[in-house]
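Colleague: Just so we're aligned, residue 1 is where the sequence shown starts under UniProt numbering, counting upward by one. We treat Cβ as the ideally placed atom computed from N, Cα and C, and that holds for glycine. Have a look at the structure that comes next, please.
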Amino acid sequence: MEGGPNIQEAENLIDSSTDEEERSEGCGYKCCDPRGSLHRFVALIFMCFLGFGSYFCYDNPAALQDQIKRDLNITTTQYTLLYSMYSWPNVVLCFVGGFLIDRVFGIRLGTNIYMGLTLLGQVVFASGVLFNTFWITIMGRFIFGIGAESLAVAQNNYAVLWFKGKELNMVFGLQLSFARIGSTVNFWVMESIYAWVNQEYKGYQGLGIVLFVATSTCIFSMLCALILGWMDKRAETILRRHESTSGEVVRFTDVVQFKLTFWLITVICVAYYVAIFPFIGLGKDFFTSRFHMTNQQANNVNSIVYLLSGIASPLLGFLIDMVGKNVLWITVAISTTIGCHCLLAFTMVNPYVGMVLMGVAYSCLASSLWPLVSLIIPEHQLGTAYGVCQSVQNLGLAVFNIVAGTIVEHYGYTWVEVFFIGSLSVALATTIILWLLDLWQDGILNMTPKKRLARLQLIDVGSEKDVLQDDEADTSYGTMQPSTDFEIRNRYLSRIGAPLPDHYSIQSKGLSYRALR
């Protein structure tokens, strides 16, 4: 992310000047000034729609599964390559995508480049289908994956730059909701669009035209990226963000310092998501063959997980923030998902029951699992940690999408459900190990917020103070070292490599806000 304070911090940092007084005059001040809430929430609209096109197009193959297999004359294994090829480049790019935005491209250029790659990938994908050339189709999904995953990183960077504090939690929730709405709308409309186009154009040509229609959502998101970039450039000029730069250093070697609990969380992430996204990718054919649904009915039930996650994720996140006990919530979510797959695989209960429960469980796991990383990994290493999680997750999805397709092709959907249940069992066993390890280490992962806060305060103030006092005893100027809890905490963070705010002065032992010139 580009250096300097975010939009709200700048409001506190900038001194009044003649130019600013002139800008504050007029009826358009509140909606045109980047420090105003109305202007920032206009930017939020474009941030949310920035990822709409990529999420809509990501599951185009799932919404048109039987049409793609029939019109292109491909096997189920070949079909699953459309998802695997999306994930393969992100095994590596999740490490470097954010780095390129932070240190090379900048947020505006980086967003436009990644959105452009997403659009290009969808165009190549649709062209490959239109000309019935499968390798071009695969290439398109590969390019699409390069852009779409890194675009999500850029989207998050924009959110952090423009919002902070409690607003930021709300912004991330809205972005997730819009993303899932994009996926849901895809399942709702693509079947109807295909039927309409198929009246004039048959086979792979009609399918290619349908995918070009879907490309319009990426064009819309590209326009949002350009408008948001213009707004951010204007805000940077007005707020003079470029006059303050961040000193944070990205180090890939931080990975070797990560604790065992982090790697257990990574295993849970992969083992759980393997039973969600590949299942949805194969879901349409599963519901039509097992429950004898029409194509549109199958798409509707297949979209339930995304629809509910868009609604429930912010609400469940708020609930889990209130009660804590994250590991307990993870255990409940995984156990519920196992039950959902058992219902779908071995009973004829209405599939909406299983999918609704799966949607709630998926939202619960996402809201309780990801925050644990920030409780384990120091703040200055969080970017690297989340990059590792995303990379390992994409590796798992790339491999197991192919595995799931092969199982369906040779053994049928019952056995692929057994595979998903086995993967979830691994996730559940790993969660139990994480729980026991956290108890053995007297950790904070499954505490209530009140107990967790008390423990963190004890660690930050008590233990760190002892460490610093021992260190000060070995110096000739120990009496001049910081003595308050605030000073001790910030000096400790500086010692372990955590970045301190630019406006923190060790010499003055306090916070000093400097005006931007």
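Rounded to whole angstroms, how far is the Cβ of L141 from the Cβ of L82, which I believe are closer than 8 angstroms?
Modeller: Numbered from 1 along the sequence shown, position 141 holds the residue referred to as residue 141. Numbered from 1 along the sequence shown, position 82 holds the residue referred to as residue 82. Correcting the residue identity first, residue 141 is Arg in this sequence and not Leu. Indeed, because the Cβ distance is near 5 angstroms, the residues count as touching under 8 angstroms.
Colleague: Leaving out the 5 sequence neighbours to the left and right, which residues in its chain are closer than 7 angstroms to I143 when beta-carbon positions are compared?
Modeller: What you label residue 143 is simply residue 143 of the sequence shown in a count that begins at 1. These residues qualify, in order along the chain: L117, L120, G121, V124.
Colleague: Express the C-alpha separation of I107 and A154 in angstroms, rounding to a whole number.
Modeller: One-based indexing of the sequence shown puts residue 154 at position 154. One-based indexing of the sequence shown puts residue 107 at position 107. Cα to Cα, the separation comes out at about 6 angstroms.
Colleague: Count the other CB atoms, across all protein chains shown, that sit within 10 Å of the CB of W411; report buried if there are 16 or more and exposed otherwise.
Modeller: For this step, residue 411 is matched to residue 411 along the sequence shown. Correcting the residue identity first, residue 411 is Tyr in this sequence and not Trp. When all chains shown are included, Y411 counts as exposed.
Colleague: Can you have a look at S37 and say buried or exposed, based on whether 16 or more other CB atoms are within 10 angstroms of its CB?
Modeller: In the sequence shown, the residue the question calls residue 37 occupies position 37. Exposed is the call here.
Colleague: Grouping DSSP H, G and I as helix and E and B as strand, with all else coil, what is Q199?
Modeller: Here residue 199 refers to the residue found at position 199 when the sequence shown is read from its first residue. Residue state, collapsed to three classes: coil.
Colleague: Short check: CB of S367 to CB of S313, under 8 angstroms?
Modeller: Along the sequence shown, read from residue 1 onward, the residue named residue 367 stands at position 367. Along the sequence shown, read from residue 1 onward, the residue named residue 313 stands at position 313. Taking 8 angstroms as the Cβ cut-off, S367 and S313 qualify as a contacting pair.
Colleague: Along the chain, which unbroken stretches of the alpha helix (DSSP H) at least 4 residues long are found entirely within the stretch 106–137?
Modeller: Those alpha helix (DSSP H) runs which fall completely within the stretch 106–137 and span 4+ residues are 107–130.
Colleague: Go ahead and pull the three-state DSSP assignment for M47.
Modeller: Indexing the sequence shown from 1 puts residue 47 at position 47. Helix, per DSSP.
Colleague: Could you tell me the boundaries of the alpha helix (DSSP H) in which K259 lies?
Modeller: Here residue 259 refers to the residue found at position 259 when the sequence shown is read from its first residue. No alpha helix (DSSP H) contains K259, which DSSP labels as neither H nor E.
Colleague: Does the beta carbon of L445 sit closer than 8 angstroms to a beta carbon anywhere in chain B?
Modeller: No chain B appears in the structure shown, which is made up of a single protein chain.
Colleague: Is it a yes or a no for the stretch 422–436 touching the stretch 323–337, going by three-plus beta-carbon pairs under 8 angstroms?
Modeller: Judged by Cβ distances under 8 angstroms, the stretch 422–436 makes contact with the stretch 323–337, as three or more pairs qualify.
Colleague: Out of V327, F134, V104, state which residue places its alpha-carbon closest to the alpha-carbon of residue 518.
Modeller: Any property of residue 518 remains undetermined from this structure, which presents the chain solely from 1 to 517.
Colleague: For N300, which option in V356, F346, L264 has the closest C-alpha, if you only look at C-alpha atoms?
Modeller: Against the sequence shown, residue 300 aligns to sequence position 300. Residue V356 is the option with its Cα nearest to N300.
Colleague: Going by beta carbon distance, what residues of the same chain come within less than 6 angstroms of S183, once the five residues before and after it are set aside?
Modeller: On the sequence shown, residue 183 is found 183 positions in, with the first residue counted as 1. Once the five neighbours on either side are set aside, the close Cβ partners of S183 are Y55, D59, Y306.
Colleague: Do L207 and Q390 count as a contact pair if the criterion is CB distance below 8 angstroms?
Modeller: Against the sequence shown, residue 390 aligns to sequence position 390. Against the sequence shown, residue 207 aligns to sequence position 207. In this structure, L207 does not lie closer than 8 angstroms to Q390 by Cβ.
Colleague: Is it the case that the Cβ atoms of M85 and I146 are separated by a distance below 8 angstroms?
Modeller: Taking the sequence shown and counting its residues from 1, the one referred to as residue 85 is at position 85. Taking the sequence shown and counting its residues from 1, the one referred to as residue 146 is at position 146. No, the pair does not count as a contact, with Cβ atoms beyond the cut-off.
Colleague: Leaving out the 5 sequence neighbours to the left and right, which residues in its chain are closer than 8 angstroms to Q296 when beta-carbon positions are compared?
Modeller: Looking up residue 296 in the sequence shown gives position 296. Cβ within range, chain order: E191, S192.
Colleague: Could you compute how far the alpha carbon of F277 sits from the alpha carbon of I330?
Modeller: In the sequence shown, the residue the question calls residue 277 occupies position 277. In the sequence shown, the residue the question calls residue 330 occupies position 330. Between F277 and I330, the C-alpha separation is close to 18 angstroms.
Colleague: Starting from H341, trace the alpha helix (DSSP H) in both directions and tell me its first and last residue.
Modeller: Indexing the sequence shown from 1 puts residue 341 at position 341. H341 -> alpha helix (DSSP H) spans 326–346.
Colleague: Using the three-state DSSP reduction, which class does N266 fall into: helix, strand or coil?
Modeller: Translated into the one-based positions of the sequence shown, residue 266 becomes position 266. Correcting the residue identity first, residue 266 is Thr in this sequence and not Asn. Helix at T266.
Colleague: Specify the secondary structure class of V349 as computed by DSSP and reduced to three states.
Modeller: Counting from 1 along the sequence shown, the entry for residue 349 is found at position 349. The answer is coil: DSSP assigns V349 none of H, G, I, E or B.
Colleague: Count the other CB atoms, across all protein chains shown, that sit within 10 Å of the CB of Y492; report buried if there are 16 or more and exposed otherwise.
Modeller: Mapped onto the sequence shown, residue 492 falls at position 492. Reliability of the predicted coordinates at Y492 is poor, the pLDDT of 45 falling under 50, and no value is obtained from them.
Colleague: Helix, strand or coil: which one does DSSP assign to W370?
Modeller: Residue 370 sits at position 370 when you count from the first residue of the sequence shown. If DSSP states are grouped into helix, strand and coil, W370 belongs with the helices.
Colleague: Buried or exposed for T237, going by 16 or more other Cβ atoms inside 10 Å?
Modeller: As a position in the sequence shown, residue 237 is number 237, starting the count at 1. Exposed, since its Cβ has fewer than 16 Cβ neighbours within 10 Å.
Colleague: For V360 and T431, what's the separation of their Cα atoms in angstroms?
Modeller: If you number the sequence shown from 1, residue 360 lands on position 360. If you number the sequence shown from 1, residue 431 lands on position 431. Approximately 19 angstroms, taken between the alpha carbons.
Colleague: Residues in its own chain within less than 7 angstroms of G324 by CB, not counting five upstream and five downstream?
Modeller: Sequence index remark: in the sequence shown, residue 324 carries index 324 (1-based). Answer for G324: M447, T448, P449, R452, listed in chain order.
Colleague: Who are the Cβ neighbours of H341 in its own chain at under 6 angstroms, not counting the five residues just before and after it?
Modeller: In the sequence shown, residue 341 corresponds to position 341, counting from 1. Excluding positions up to five away in sequence, the list reads E417, F420, I421.
Colleague: Residues in its own chain within less than 7 angstroms of D71 by CB, not counting five upstream and five downstream?
Modeller: On the sequence shown, position 71 is the one that residue 71 refers to. Closer than 7 angstroms at the Cβ level, and outside the excluded window around D71, lie G203, Y204, L207.
Colleague: Can you name, in chain order, every residue of its own chain whose Cβ lies under 8 angstroms from the Cβ of D352, other than the five neighbours on each side?
Modeller: As a position in the sequence shown, residue 352 is number 352, starting the count at 1. The question names Asp, yet the displayed sequence has Tyr at residue 352. The answer, listed in chain order, is V301, I304.
Colleague: Please identify the residue among S87, L64, T347 whose C-alpha is closest to the C-alpha of T414.
Modeller: Within the sequence shown, residue 414 is the residue found at index 414, counting from 1. Nearest option by C-alpha distance: T347.
Colleague: Excluding the 5 residues preceding and the 5 following N132 in the sequence, name in chain order all residues of the same chain whose CB lies nearer than 6 angstroms to its CB.
Modeller: On the sequence shown, residue 132 is found 132 positions in, with the first residue counted as 1. The residues are Y204.
Colleague: Taking the straight line between their C-alpha atoms, what separation do you get for G128 and I209?
Modeller: Counted from its first residue, the sequence shown places residue 128 at position 128. Counted from its first residue, the sequence shown places residue 209 at position 209. Using only the alpha carbons, I get a separation of about 11 angstroms.
Colleague: What does the alpha-carbon distance come out to for the pair L64 and L316?
Modeller: Stepping through the sequence shown from its first residue, residue 64 is reached at position 64. Stepping through the sequence shown from its first residue, residue 316 is reached at position 316. Roughly 31 angstroms between the two C-alpha positions.
Colleague: Kindly list the residues whose CB is nearer than 6 angstroms to the CB of T266, restricted to its own chain and excluding five residues on each side of it in sequence; keep chain order.
Modeller: Position 266 of the sequence shown, counted from the start, is the residue given in the question as residue 266. So the list reads C389, V392, once near-sequence residues are dropped.
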